[in-house]
Structures are given as structure tokens and as C-alpha cells.
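Colleague: Before I ask anything, let me first share the structure, which is written out below as C-alpha cells.
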């Protein structure tokens, strides 16, 4: 609070505008694609390319400024607060899907089965529907379409998901080990720890992809398999996406560590990446319990 | 709020700094700027522009409802107008208006050199523009703009034409913009305060924005999640909101209002903050009950998270839910009552003068209270079965938004324009603008209470003939209110270009410097302020 005089205020910012252009092109392209327009995918590729260029440029700029000592302790606090509140917004985003899972399992599916306020619904709409979990609903949806007797196989917790839990939890440990290395000035430990974390992260993604492949090809479990499929794939899918992003961020941090960036005092990027990684870890634990086991 | 700067002025230092880091020349200045004042101006100008865009849509609605029968537009387009009017006003006008004020005023009020994360500040603004443009583009698409109402309830909204994915992604962009803006405001307030500016010395506007920013970060991702599920339900075969697959359309309503109720407080809490800033200055007294104002704001924010289903009393909920949400909602009246009491007590025995900002602020206190009372009526679940989806609701939330949030945005404009531009606005035209607005806003919205109680549903382009008289009166009020706002546009442009020509002092309003730090700075405020932090000392006066 007392070091205002040295607070670094950047002057001309060109990356934010480029970020906006990239993001908007990407999303408008996606919307066009969903509407069946032919320019959609081209727009998406252009938007994504702009976005990647922007990310590279903006983060390179921040890294350069950080390494040249332009950021005071107070600036570092601003960055940390920014990251913390960003993670909080992500928590709320996941809360929506966890909340939806809770609501459908505990309220709306039992109501469809005639419980509580749902007695008339069951009698007049779907008298034969039994409220059990997992379910693809009274319409027995397969690939989003009602069927006469469509079934699917729910995902078991004790195969790949258990392995994935172990992978992510150990990656949390290696990440913290790397952090200790950084704080103690042991660069080799930092780099080894990061390599292990990134490897475990990508292994997780690989296992998740295998699991999805099995679900789609052998189990009849897809996004369109009623509410079970919807909640299963949205929750694990958004989580998987976040693992990918986290692993990419950690890879950048690894790359920077190899170039000799970061010191025991100045390593915001590492901390931010580690926080993000732990957040992704915790979300997975929630998924493992509420989606897979229960 | 008892803070002034120690009597050392650093005006001369500023002219120095100006030279070193003045604004960029030409149009590029506004695109690549990281300056909180520039970005604040961008937000405010954008908000004003969108206020007129949304206003034109409101004029279309009132023109169609001037008489029973179909006049000018087809029902589909009418429904698009109610939807787009709401989305543009909420996300394009009111929210950006207050973010603009936060950008301009928060650093100056807490003695900070700028916002904590200036580059991200630039990005929040441009992402907002992109989001609103994407939304506006849906007006020209096959199948028309979304016509489901701003709540975007499924299954109706899933029948939208090509516009649906664009509207959804525009919500994502608006969410990203708001979250980045909110993160910036929190980091600024927690990390950038001048020495001595303790939390309980901050002007109330800063406090209300701190709490609002927290609400934004908590609920914008929730809305993003909800519309993402709409997207996958429509395009990827999920069944979140489809009972055939085990989902439930009511689930969307729960998620939406978990966002939606805090969202309406996102628009009203900064309003409270500005009112609490303006009223003491013109009453020439410190704000009555400063700390109770802070606690009341925090209580309202907390309650906003646990009352959402009062928007859904008629949807079919278990009795326990109806009762819980009814009682929880009534609780909100307590902290809100504390605030209204404090504003009134601030004016009590004050040496009041009635310049335009004060007029708007006083009419806010009165008319917002009226909107609050109708809210209390609707919180009673059995009564709400009658009011639900009628014009009574329309009257209620317009009273809390137009003569509250919008009036206070206008008040803030009159209050701070001299500080921003260094010129004085034309007080005569300002007063004329106020009286025209205050009278016409009541002609516009008050009759809608009667219409609603008599049973006129909302969101319809045509109505039974017994509603004709009050609709015509409401429309006349609407046109008058719309036209009066052109005066505001004129005043803003006129003030920027020199106003009355009168030289404004640093404090602008008598003894304003006792209330908040921005009045210790020169008028117009230099491009960079508080590059060295001011020394904040408790004042003897208050």
C-alpha cells in the first residue's frame, strides 16, 4: 500500500484489442458453424490463430517485463488477486454444472417418477417411468433422440477414473515439490517437478480420451444419453478442457524455467499456474465423488 | 467517510507527469489506452449511446401499445424488442455506465495512480463492445433477434432462429468483460489505496462497488453456464432442460435467477453508492450512519444469493420452497430500509441546496422506495400469484431501474462532469431536464401498476380494450421521457465543449473536498493523478 510511487502502469496496450478481435471472430465463427454456414469453420480457424498469436505476444511481453524487474511487490499482489478471483469465477462456473447434477438427481428425476409434487406428472405423462439413477429419462434418449428401449452403460468409477484420480493427485504433489524447489533456489528440482507435473497432466488427458472413446463406441454413453450423459460429459468435458489449459500453462512455465526465468522472490507465473492446477485437482475430486462414485 | 488530503497540493507535479506520459494523439488514443480516465470515458460514452439505442426500442414498444390492436410491428418483432430493450439496457447501458463511473472515480477516491490491472481494463471495455455488437447483429438475422424475454427461458428460446448461438456467445463475451472489470475493481480497492485510506474511510461509492464486483464475479459465470446448457441442448443433443431426457426446464429458471437476482443488485448497489456520495455534499453534512450503510450493502448482497426463486412462485415449487423464498425476500426490506432511513437522516436539518444532481438524488430516494414497496408486495407468494407476469411487475422493476439506476447515472453525470471536463453544465437546462424526466417517468410507469393489477399481461403487443386508457397515458409519458433525454445529450455535449464558460474550482461544490479525495484534484482532473499517493488524514470537520 505504501509503494504507489513505483507502481508500474503500462501505457500503450495493443494486445487487448487483438484479444477481443480474436475471441469475437472465434465465437462468431462458431455460431456461424452451428448455423450450418460454410464460412463458420474458416472464421474459427482465423479467430483461434489470432488468439494464439495474442496469447504468445501478451505473455511474452509480461514475462519480459517481469524478468527485467519492472513489477514491484505491489504489482505482484495485483496479479495474485487477479488470479485468485479468476479462479473463484471458475469455481462458480463449475458450481452451475454440479448444481444441475444435484437438482436433477435429487429433485427433477424423482418428480418425474411421481415423488412429491410430481404425482400427476407421472400419472398423465409417463406412468411407466421409474426414477432411478443413472437415467436417460422417460424418453429413453440415445444420441438426443427418443427411443423405445434405448439403454446405455454408466461409467464405472474403479477403472480409468480411479487411475486418473491417482494421476492428478500425484501431479499435485509434484507441482508442490517443484514449488519448494523454486523457493529454495534448486532449479533442477523445479524443472524435474514441472516435467513430472506436465507429463502426469497429459497422461490424464490421454486416459480421459480413452474413456470417452470407450463410452461413445462401446457403452452407448454420449452427450445425448439423457440427463446422465449430459451431466457426465459436460462436467468431465469442461474439467478435461481445464486440465488441457492448465497443462499448457505449466508447459509455458516449464519452458520459462528452462530459460532461467523466476527467482525465489519473483515467480508470479509459477504460482498462478500452480494455483490453477490445484483448482483443477479439487474439481476432479468433486467429479470423482459426485459423478463417478455416487 | 472522514478523509481529506493533507494540505499539500501536487498540482505542479502533475503538469510534469502530463508532459512525460500524455495521451496518445488522435483516434488511436482511445483504442490502445490503459488510462483509467480514458477507459472510464469510453464506458460512459458507450453507455450513453446504448441508452439511446435501448430507448428507441422502448419507443417502439410504447408506440405499439399506444392503442389496442396491431399498429406498427408484428408480434414476433415486438417480442424481440422487449427482449433486446432489456438486454441492451442492462448489459449495454446501466452496467457499463456504472463501470465507467468506477473507472473514473475509484482510483481518484482512494488516492491510487490508476486501476490495478490497466491492460486488462482496456480489454474489458473492448470485449463489452464486441459482446453488444454481436447481440445487436442478431436483429438482422434470419428468424429475428431472440424474442423470449431477457430471461431466455427454454423451451421458448430454443425456437429462436439463427440468432440463438450469436446471442449465447454475446452473453459469454459480456460475462468475460464484466468479470475482468470486476476483478480489476477488487484488486484496485484492496491493493491500491493511499496510506491512511482504511477500508472504513473509503467513500461509500467505493464500498458499494467493491461488493458489486464480488457479486459480478460470483454470478456472471453462472449465467454463462446456463446459456452454455441452452447451446448444448439445441445443438449437441443434451437434455438439461428437456423432461424427455430426465432434465427440467425449471432447472434453467433456477440457474438463471441465481444469476438474475444478484444481477439486479449489481445495477442497484452502485446506485446506492452514488446517492450516498451526492446527498451529503448538497446537505452539507457527513453521511448519516456510514458504517450501517456498509453493513446494509453487504447484507443486501448476501441476501441476493438466497432469494432467487421469488421470481418463480407460480412455476410449481414445493410449499416449503414457496414459504422459504417468501420470508427470505421480505428480509431484504430491512437493510434497504436502513439505507433509505440514512439518506433521509443525512438530509435532516442539513443546509440543503437543490442543484440538478441533488434533485435527481432526492427523486431517487422517493421513487426507489416506491419501487421497493411494490417489490415487498410481490414477495408475498399468494399475492404474487395475481401479480406474476403482469404489467405490475413491469412497473415495479422499472421504478427500481429508471428513476433509480438511470436517474442516479444522470445525477452522477451532472455531479462529476465539472470534475471531468473542467466546465460547468448549464444549470437551467439541467433543472428543466430533471423536472421533465421526473414528471414524465411517473406518467410512464405509474399507470402500469393499475394495468397490472387489472390483469394486463406483460410481453404482449396487443391487449383487451379495457386497458386502452392507461396504456395511452403510459405511452405519452414514455414519448415525453424519451424526448427529455435529448436534453441530457445536449447538456453533456455542451459541457464538454465549454458549458457555461464559468471557471470551476477544484472542489466544484461547496466544501466537497471534505467528502472525498477527487475534489482535492484540479478540474479538469489531469491525465495522471496521485502518481505519488496523497496523505490521507482524518478531518476535524466531520
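Protein chains in written order, with the working numbering: chain A, 1 to 294; chain B, 295 to 836. For glycine and all other residues, C-beta sits at the position ideal for the given N, C-alpha and C. Values in this document were obtained by computation on a predicted structure and should not be read as measured data.
#1: Any C-beta of chain B within less than 7 angstroms: which residues of the stretch 105-139 of chain A qualify?
#2: With a threshold of 8 angstroms, are at least 3 pairs of Cβ atoms found where one atom belongs to the stretch 569-578 of chain B and the other to the stretch 643-652 of chain B?
#3: Check each candidate in B/354, B/404 and B/546 and name the one with the smallest Cα separation from residue 485 of chain B.
#4: Mind checking which residues open and close the alpha helix (DSSP H) that includes residue 105 of chain A?
#5: Three or more beta-carbon pairs under 8 angstroms between the stretch 426-439 of chain B and the stretch 457-467 of chain B, yes or no?
#6: Out of B/343, B/619, B/379 and B/390, point me to the one whose CA is closest to residue 676 of chain B's CA.
#7: For the alpha helix (DSSP H) that residue 397 of chain B lies in, which residues bound it at each end?
#8: Could you have a look at residue 495 of chain B and say whether DSSP puts it in helix, strand or coil?
#9: Would you kindly work out how many angstroms separate the C-alpha atoms of residue 368 of chain B and residue 758 of chain B, rounded to a whole number?
#10: State the Cα-Cα distance for the pair residue 244 of chain A and residue 205 of chain A, rounded to the nearest angstrom.
#11: Under 8 angstroms between C-beta atoms, does residue 575 of chain B make it to chain A?
#12: Going straight from the alpha carbon of residue 667 of chain B to that of residue 772 of chain B, what length do you get?
#13: Between the Cα of residue 131 of chain A and the Cα atoms of B/541, B/752 and B/751, which residue gives the shortest distance?
#14: Assuming contact is defined by CB atoms lying nearer than 8 angstroms, are residue 632 of chain B and residue 586 of chain B in contact in what I supplied?
#15: Of the choices B/558, B/750, B/511 and B/823, whose alpha-carbon is the least far from that of residue 473 of chain B?
#16: Helix, strand or coil for residue 151 of chain A? Go by DSSP, reduced to three states.
#17: Assuming residue 865 of chain B and residue 753 of chain B form a contact by the criterion Cβ under 8 angstroms, report the distance between their Cβ atoms to the nearest whole angstrom.
#18: Near residue 357 of chain B, what residues of its chain come up, given a Cβ to Cβ distance below 6 angstroms and the 5 sequence neighbours on each side ignored?
#19: Just to confirm my understanding: we take residue 534 of chain B, look at its own chain, exclude 5 residues before and 5 after, and list those with CB closer than 7 angstroms. What are they?
#20: Just mark residue 780 of chain B as buried or exposed, buried being the case when its beta carbon has 16 or more other beta carbons within 10 Å.
#21: Might you give, ordered along the chain, the residues of its own chain that have their beta carbon closer than 6 angstroms to the beta carbon of residue 79 of chain A, omitting 5 neighbours on each side?
#22: Pull up the CB-CB distance for residue 468 of chain B and residue 422 of chain B, whole angstroms please, since I reckon it's below 8 angstroms.
#23: Is it a yes or a no for the stretch 123-141 of chain A touching the stretch 218-233 of chain A, going by three-plus beta-carbon pairs under 8 angstroms?
#24: Could you give the C-beta distance for residue 294 of chain A and residue 215 of chain A, rounded to a whole number, given that I count them as a contact under 8 angstroms?
#25: If we ignore side chains and look at the alpha-carbon of each, how far apart do residue 104 of chain A and residue 139 of chain A end up?
#26: Using a Cβ-Cβ cut-off of 8 angstroms, state whether residue 295 of chain B counts as contacting chain A.
#27: Taking DSSP as the reference, what is the three-state secondary structure of residue 797 of chain B?
#28: Would you kindly check if the distance between the Cβ of residue 18 of chain A and the Cβ of residue 50 of chain A is under 8 angstroms?
#29: Please compile the residues from chain A whose C-beta is within a distance smaller than 8 angstroms of the C-beta of residue 601 of chain B.
#30: Whole angstroms is fine: what's the gap from residue 636 of chain B's alpha carbon to residue 530 of chain B's?
#31: On the DSSP bridge assignment, give the partners of residue 142 of chain A in chain order.
#32: In the DSSP assignment, find the alpha helix (DSSP H) that holds residue 192 of chain A and state where it starts and stops.
#33: Is residue 333 of chain B close to chain A? Criterion is C-beta to C-beta, closer than 8 angstroms.
#34: Quick one: what's residue 684 of chain B bridged to in DSSP?
#35: Going by beta-carbon coordinates alone, are residue 571 of chain B and residue 810 of chain B separated by less than 8 angstroms?
#36: In whole angstroms, what separates the C-alpha of residue 543 of chain B from that of residue 611 of chain B?
Modeller: According to the structure shown:
#1: 108, 109, 112, 116, 117, 135, 136, 137, 138 and 139
#2: Touching, per the Cβ criterion.
#3: By one-based count along the second chain, residue 485 of chain B stands at place 191. Comparing Cα positions, the closest option is B/404.
#4: One-based indexing of the first chain puts residue 105 of chain A at position 105. Counting along the chain, no alpha helix (DSSP H) covers residue 105 of chain A, and no H or E run does either.
#5: yes
#6: Within the second chain, numbered from 1, the residue matching residue 676 of chain B stands at position 382. When only C-alpha atoms are compared, the closest one is B/619.
#7: Translated into the one-based positions of the second chain, residue 397 of chain B becomes position 103. It spans 389-404 - the alpha helix (DSSP H) in which residue 397 of chain B sits, taken as one unbroken run.
#8: As a first step, residue 495 of chain B must be located in the second chain, where it is residue number 201. Three-state DSSP puts residue 495 of chain B in a helix.
#9: The residue given as residue 368 of chain B occupies position 74 in the second chain. The residue given as residue 758 of chain B occupies position 464 in the second chain. For residue 368 of chain B and residue 758 of chain B, the distance between alpha carbons rounds to 17 angstroms.
#10: Taking the first residue of the first chain as 1, we reach residue 244 of chain A at position 244. Taking the first residue of the first chain as 1, we reach residue 205 of chain A at position 205. In a straight line, the C-alpha of residue 244 of chain A is about 7 angstroms away from that of residue 205 of chain A.
#11: For the purposes of this step, residue 575 of chain B is taken as residue 281 along the second chain, with counting starting at 1. Judged by the 8 angstroms Cβ criterion, residue 575 of chain B is not in contact with chain A.
#12: Against the second chain, residue 667 of chain B aligns to sequence position 373. Against the second chain, residue 772 of chain B aligns to sequence position 478. For residue 667 of chain B and residue 772 of chain B, the distance between alpha carbons rounds to 22 angstroms.
#13: Along the first chain, read from residue 1 onward, the residue named residue 131 of chain A stands at position 131. Nearest C-alpha to residue 131 of chain A: B/541.
#14: Against the second chain, residue 632 of chain B aligns to sequence position 338. Against the second chain, residue 586 of chain B aligns to sequence position 292. Yes; because the gap between Cβ atoms is below 8 angstroms, this pair is in contact.
#15: Here residue 473 of chain B refers to the residue found at position 179 of the second chain. Of B/558, B/750, B/511 and B/823, the residue nearest in Cα terms is B/511.
#16: On the first chain, residue 151 of chain A is found 151 positions in, with the first residue counted as 1. Residue state, collapsed to three classes: coil.
#17: The requested residue 865 of chain B does not occur in the structure, where chain B is confined to residues 295 to 836.
#18: For the purposes of this step, residue 357 of chain B is taken as residue 63 along the second chain, with counting starting at 1. Only 366 meet the Cβ criterion.
#19: On the second chain, residue 534 of chain B is found 240 positions in, with the first residue counted as 1. If we look at residue 534 of chain B and ignore the five residues flanking it on each side, its Cβ neighbours are 523, 527, 541 and 545.
#20: For this step, residue 780 of chain B is matched to residue 486 along the second chain. With fewer than 16 other Cβ atoms within 10 Å, it is exposed.
#21: Taking the first chain and counting its residues from 1, one reaches residue 79 of chain A at position 79. Same-chain partners within the cutoff: 268.
#22: Position 174 of the second chain, counted from the first residue, corresponds to residue 468 of chain B. Position 128 of the second chain, counted from the first residue, corresponds to residue 422 of chain B. Indeed they touch by this definition, with Cβ atoms about 7 angstroms apart.
#23: yes
#24: To locate residue 294 of chain A, count along the first chain from 1; it is residue 294. To locate residue 215 of chain A, count along the first chain from 1; it is residue 215. Their Cβ separation, rounded to whole angstroms, is 18 angstroms, which puts residue 294 of chain A and residue 215 of chain A out of contact at 8 angstroms.
#25: Working through the first chain from its first residue, we reach residue 104 of chain A at position 104. Working through the first chain from its first residue, we reach residue 139 of chain A at position 139. Going by the C-alpha atoms only, they are around 15 angstroms apart.
#26: Translated into positions along the second chain, residue 295 of chain B becomes position 1. Any reading at residue 295 of chain B needs caution, since the residue's pLDDT is 43, under 50, leaving its predicted position unreliable; the model's value is listed next. Taking Cβ atoms only, chain A never reaches closer than 8 angstroms to residue 295 of chain B, which makes this a no.
#27: Residue numbering aside, residue 797 of chain B sits at position 503 when the second chain is read from its first letter. Residue 797 of chain B: strand per DSSP, three-state reduction.
#28: By one-based count along the first chain, residue 50 of chain A stands at place 50. By one-based count along the first chain, residue 18 of chain A stands at place 18. Yes, they are a contact pair.
#29: By one-based count along the second chain, residue 601 of chain B stands at place 307. Under the 8 angstroms cutoff, chain A gives no residues; its nearest Cβ is about 16 angstroms from residue 601 of chain B.
#30: Within the second chain, numbered from 1, the residue matching residue 636 of chain B stands at position 342. Within the second chain, numbered from 1, the residue matching residue 530 of chain B stands at position 236. Cα-Cα distance, rounded: 52 angstroms.
#31: In the first chain, residue 142 of chain A corresponds to position 142, counting from 1. According to DSSP, which records beta bridges pairwise, residue 142 of chain A is partnered with A/145.
#32: Numbered from its first residue, the first chain carries residue 192 of chain A at position 192. Its alpha helix (DSSP H) spans residues 187-214.
#33: Sequence index remark: in the second chain, residue 333 of chain B carries index 39 (1-based). Cβ-Cβ to chain A under 8 angstroms: no for residue 333 of chain B.
#34: Taking the second chain and counting its residues from 1, the one referred to as residue 684 of chain B is at position 390. Per DSSP, B/751.
#35: For the purposes of this step, residue 571 of chain B is taken as residue 277 along the second chain, with counting starting at 1. For the purposes of this step, residue 810 of chain B is taken as residue 516 along the second chain, with counting starting at 1. Yes; because the gap between Cβ atoms is below 8 angstroms, this pair is in contact.
#36: In the second chain, the residue the question calls residue 543 of chain B occupies position 249. In the second chain, the residue the question calls residue 611 of chain B occupies position 317. Distance between the alpha carbons of residue 543 of chain B and residue 611 of chain B is about 13 angstroms.
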